[in-house]
Every structure is written in C-alpha cells, then in structure tokens.
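Novice: For the sequence shown, counting from 1, position 102 maps to 102 in UniProt numbering; every step adds exactly one. Glycine included, each C-beta is placed from N, C-alpha and C at the ideal position.
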Amino acid sequence: MTRILLFGAGGQLGRETATLAGERGIDLIALGHADLDISDPVAVARALEAARPDALVNAAAYTAVDKAESEPDLAARINAFAPGLIAERCARYRTPFIHISTDYVFDGTKRGAYVEADPVAPLGVYGRTKAAGEAAVRAAHERHVIVRTSWVYGAHGNNFLKTMLRLAGERDQLRVVADQRGCPTATRDLAEAVLAAALAAAQGDARWGTYHFAGRGVTTWHGFASAIVAAAEPHTGRRPEVTPITTADYPTPASRPKNSELASDLFERTFGVRAAPWEQRAREVVDALLAKAPQPEASEPEKAAAPSSAIPAPQSEEAS
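Quick look at the structure:
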C-alpha cells in the first residue's frame, strides 16, 4: 500500500487531508508541530527514516500575514528554510515531495487569472518567504509538486468563513473589503487535490513542477461574506447587513494582492481533480458547522484582529 507522510497535521488542510485519507483507506502518517520541528534537519531525517513514505506532503507554514512583517526571521525559517531542508532530505531518500504554497507570491496587478508561468512579485514578508520556499524546493529536489492555492477555508482551524459566522451572530452590520478578488478554496477540495498529487507522485505518474489549485469561481471578500451570511440565515434567523469597504478603509501592516485569482486548468488536466463552485462548498461548510453546535468564543487575539468597525482581510490565508 502507498504510504504518505504529512507535515502540518494540525492545520486546517492537514486535518482535512488526514480525515479524507482515512475515509479512502489511504495509509497516511500525520505529524504536527508537537511531533517535530520542520526546520530541524535531524527531526526531518528521523521522520523520513521512521515512516519510509512513498511521498511526503508539507502543509505546514507560517501564515500570519500581518505578524510576519514584525517576525521576518521566524517566517523565513518556516516558509523558506524548512521547505528547502525537507526537499533536500526527500531527495536523499528519493521521496517525491508535495509542497503547498500561496497566491501571495504574486502582487495582484494582473487583470486576469494568474497562471503558473507568471512571474512572482510578492508584496510583503509572507509572500517573499513563500516564494523563497518555492525556489528552495526547486533547487533541492527535482521530484516535487508545488501547489499554490488561495483563500482557504473549512470546518477546521481559524479562517474567514468561521470568523464571518461568529461575527454575523454578534453584529447587525459587517463592513468587509470589496476591492480584493480571489477564488475561495474549500479544504475538502484542496485535500482531494493534494492526495491526488501525492498518489500520482508515489506511483511515478506525476509531472513534476508548479501548479495552481483553487475553488471554482471568483468573488471578493465582500461577496464571500455575503454568501456566508445568506447561507447561515436559515439556521440562525439572522441576516446582518454586509457593507462593502475599500482596502484603504482598513489598512493593515502587510499589503494584500488586489487580484488573487488562480487558473487551475493545468492541475485538472494533469491530476484529474477539479474544485466545486465556491458557493456550493461554502454553503456545505456553513450547514455542517451550524447544524451541529454553536460556534466557540473567539480567542483574544482573534477578537483584537476584528474590530467592530470593519472586517479585515484574514490574518491567515493559506492552508495551515
């Protein structure tokens, strides 16, 4: 049986991938931050030696976009140094490497959807460290698949959809950025894509290189929030007003790309996986969350990041 080793098991993508692998009967060993430090060469080598996987997936990352501006060394260690280290160790064991990256490697100035061949031009520390991580992987190991994604959300972890659900239960008006657009990506679809790439790589059927995979369809943060609120109304009986604001109305330490649209055609042609329309997946996640239990109270840092006057773009916009 094919065995997959997963780093970043505690993140929203990691948890979804482990769940999906269990449903499919896939042999997956999931390791989180408490299990190993991905920037420790000895720990990474021991994990590979113990698991002897047919492919390794790295879903671990430093994803606090604004905080990265004041913690560039830590962001670089996790997002740039560690992926290169893991790729180098995978090369020694001849283990295919699947690495998750982000739309933030682009500056968002392109009019249409970004394709894999477009030049990277990150705006901030987070994007620069992720772009450096991609380069390190390419330099260290030929047998790699880099998957760029965007606007990730799901039932696990902290993400935009869950924040909107909480705030919609507390407020009568939500002010949300309307001049940034992208493709909301459900962790369920992304996990399908990651496992497809990992299995193809393990079986020698992968085409190595960089790919984009994101939810089908394009919207703004305001459009995404509006859809979430509408999907929640049958459960809560509440429908707060969602008011559009500009990026300038809510300045943040890190600049966000105005355009995060990713074209996923190459991934679909290569690995046979296509995401569902984002509106469909968002409704499914809202239904699943609201049908089972009330949302937990937000942590203090999360409350501080969402003032009553406006809703910022998410602090963590990648898979982890």
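When the Cα atoms are used, what is the spatial distance from L262 to G237?
Specialist: Here residue 262 refers to the residue found at position 262 of the sequence shown. Here residue 237 refers to the residue found at position 237 of the sequence shown. Rounded to the nearest angstrom, the two C-alpha atoms are 35 Å apart.
Novice: Could you tell me the boundaries of the beta strand (DSSP E) in which I146 lies?
Specialist: Counting from 1 along the sequence shown, the entry for residue 146 is found at position 146. Its beta strand (DSSP E) spans residues 144–149.
Novice: Among T187, V242, A202, which one has its Cα closest to the Cα of W278?
Specialist: The sequence position of residue 278 within the sequence shown is 278, counting from 1. Taking only the C-alpha atoms, the option nearest W278 is T187.
Novice: Just list the residues that DSSP pairs P253 with in beta bridges.
Specialist: For the purposes of this step, residue 253 is taken as the residue at position 253 of the sequence shown. Partner(s): none; P253 has no beta bridge.
Novice: Do you know offhand how far I98's Cα is from Y62's?
Specialist: Here residue 98 is taken as the residue at index 98 of the sequence shown, counted from 1. Here residue 62 is taken as the residue at index 62 of the sequence shown, counted from 1. Each residue's Cα considered, the two are about 17 Å apart.
Novice: Helix, strand or coil: how does DSSP classify N58 here?
Specialist: Residue numbering aside, residue 58 sits at position 58 when the sequence shown is read from its first letter. If DSSP states are grouped into helix, strand and coil, N58 belongs with the strands.
Novice: Can you list, in chain order, the residues of its chain with a C-beta nearer than 6 Å to that of D179? Leave out the 5 residues immediately preceding and following it.
Specialist: Start at 1 with the first residue of the sequence shown, and residue 179 comes out as number 179. Within the same chain, D179 has close Cβ partners T246, T247.
Novice: What does A275 pair with, by DSSP beta-bridge criteria?
Specialist: Mapped onto the sequence shown, residue 275 falls at position 275. Partner(s): none; A275 has no beta bridge.
Novice: Count the other C-beta atoms from every protein chain shown that fall within 10 angstroms of the C-beta of P184, then say buried if there are 16 or more, exposed otherwise.
Specialist: By one-based count along the sequence shown, residue 184 stands at place 184. Burial call: buried.
Novice: Return the chain-ordered ranges of every alpha helix (DSSP H) run that is complete within the stretch 169–221 and spans a minimum of 4 residues.
Specialist: Those alpha helix (DSSP H) runs which fall completely within the stretch 169–221 and span 4+ residues are 187–202.
Novice: Considering A91, what are the terminal residues of the beta strand (DSSP E) in which it resides?
Specialist: Numbered from 1 along the sequence shown, position 91 holds the residue referred to as residue 91. Run containing A91: none in the beta strand (DSSP E); it sits in the alpha helix (DSSP H), 82–93.
Novice: Pairs of beta-carbons, one from the stretch 279–290 and one from the stretch 120–139, closer than 8 Å: are there three or more?
Specialist: No: fewer than three Cβ pairs fall under 8 Å.
Novice: The alpha helix (DSSP H) with T2 in it runs from where to where?
Specialist: Numbered from its first residue, the sequence shown carries residue 2 at position 2. First-last for T2: undefined, no H or E at that position.
Novice: If you compare alpha carbons, which of G32, A75, W151 is closest to G223?
Specialist: The residue you call residue 223 lines up with position 223 of the sequence shown. G223 has its Cα closest to that of W151, out of G32, A75, W151.
Novice: Excluding the 5 residues flanking D27 on each side, which residues of the same chain have their C-beta closer than 6 Å to its C-beta?
Specialist: By 1-based counting over the sequence shown, the position of residue 27 is 27. M1, R3, listed in sequence order.
Novice: V125 lies in the alpha helix (DSSP H); which residues open and close that run?
Specialist: Translated into the one-based positions of the sequence shown, residue 125 becomes position 125. First-last of the alpha helix (DSSP H) with V125: 125–140.
Novice: Using the beta-carbon count (16 or more within 10 Å), is Q315 buried or exposed?
Specialist: As a first step, residue 315 is located in the sequence shown; it is residue number 315 there, counting from the start. For Q315, the predicted model reports a pLDDT of 45, less than 50, meaning its position is unreliable and no value from the coordinates is stated.
Novice: How far does the beta strand (DSSP E) with V242 in it extend, from its first residue to its last?
Specialist: Taking the first residue of the sequence shown as 1, we reach residue 242 at position 242. It spans 241–245 - the beta strand (DSSP E) in which V242 sits, taken as one unbroken run.
Novice: Rounded C-beta distance between A282 and A201? I'm assuming under 8 Å.
Specialist: As a first step, residue 282 must be located in the sequence shown, where it is residue number 282. As a first step, residue 201 must be located in the sequence shown, where it is residue number 201. Contact doesn't hold; Cβ gap of about 30 Å is too wide.
Novice: Excluding the 5 residues flanking A55 on each side, which residues of the same chain have their C-beta closer than 7 Å to its C-beta?
Specialist: Translated into positions along the sequence shown, residue 55 becomes position 55. If we look at A55 and ignore the five residues flanking it on each side, its Cβ neighbours are I4, T95, P96, I98, A198, A201, A202.
Novice: By Cβ distance below 7 Å, which residues in the same chain neighbour P83 in space, the five residues on each side in sequence not counted?
Specialist: Within the sequence shown, numbered from 1, the residue matching residue 83 stands at position 83. Cβ neighbours of P83 beyond the five flanking positions: N58, H99, G133, A136, V137.
Novice: When the Cα atoms are used, what is the spatial distance from K130 to A68?
Specialist: Against the sequence shown, residue 130 aligns to sequence position 130. Against the sequence shown, residue 68 aligns to sequence position 68. Taking the straight line joining both Cα atoms gives about 11 Å.
Novice: Quick check: what's the CA-CA separation for Y126 versus R148?
Specialist: Indexing the sequence shown from 1 puts residue 126 at position 126. Indexing the sequence shown from 1 puts residue 148 at position 148. Going by the C-alpha atoms only, they are around 14 Å apart.
Novice: Report yes or no: do three or more beta-carbon pairs, one from the stretch 151–163 and one from the stretch 8–23, lie closer than 8 Å?
Specialist: Output reads yes: the stretch 8–23 touches the stretch 151–163.
Novice: Among V145, R166, S101, which residue has its Cα nearest to the Cα of N207?
Specialist: Indexing the sequence shown from 1 puts residue 207 at position 207. Note that residue 207 corresponds to Arg in the displayed sequence, not to Asn. Of the candidates V145, R166, S101, the one whose C-alpha sits nearest the C-alpha of R207 is V145.
Novice: With a 10 Å radius around its C-beta and 16 neighbouring C-beta atoms as the bar for buried, classify E16 as buried or exposed.
Specialist: Here residue 16 refers to the residue found at position 16 of the sequence shown. So E16 counts as buried.
Novice: Would you mind sorting E192 into buried or exposed? The rule is 16 or more other CB atoms within 10 Å of its CB.
Specialist: Mapped onto the sequence shown, residue 192 falls at position 192. Burial call: buried.
Novice: In three-state terms, what does DSSP make of N159?
Specialist: As a first step, residue 159 must be located in the sequence shown, where it is residue number 159. In the structure shown, N159 sits in coil (DSSP, three-state: anything other than H, G, I, E or B).
Novice: Among the candidates S101, T102, P119, whose CA atom is the shortest distance from the CA of T109?
Specialist: Along the sequence shown, read from residue 1 onward, the residue named residue 109 stands at position 109. Per the Cα distances, P119.
Novice: Just to confirm, is the Cβ distance from R171 to P240 under 8 Å?
Specialist: Position 171 of the sequence shown, counting from 1, holds the residue named residue 171. Position 240 of the sequence shown, counting from 1, holds the residue named residue 240. Yes, Cβ-Cβ distance for R171 and P240 is below 8 Å.
Novice: Kindly indicate which three-state DSSP category F267 falls into: helix, strand or coil?
Specialist: Your numbering for residue 267 matches position 267 in the sequence shown. If DSSP states are grouped into helix, strand and coil, F267 belongs with the helices.
Novice: From the DSSP output, read off the bridge partner residues of residue 334.
Specialist: Outside the modelled stretch of the chain, which goes from 1 to 320, sits residue 334, for which no answer is possible.
Novice: Taking the alpha helix (DSSP H) that T19 falls in, what are its first and last residues?
Specialist: Sequence index remark: in the sequence shown, residue 19 carries index 19 (1-based). Taken as a continuous stretch (DSSP letters only), the alpha helix (DSSP H) holding T19 covers 12–24.
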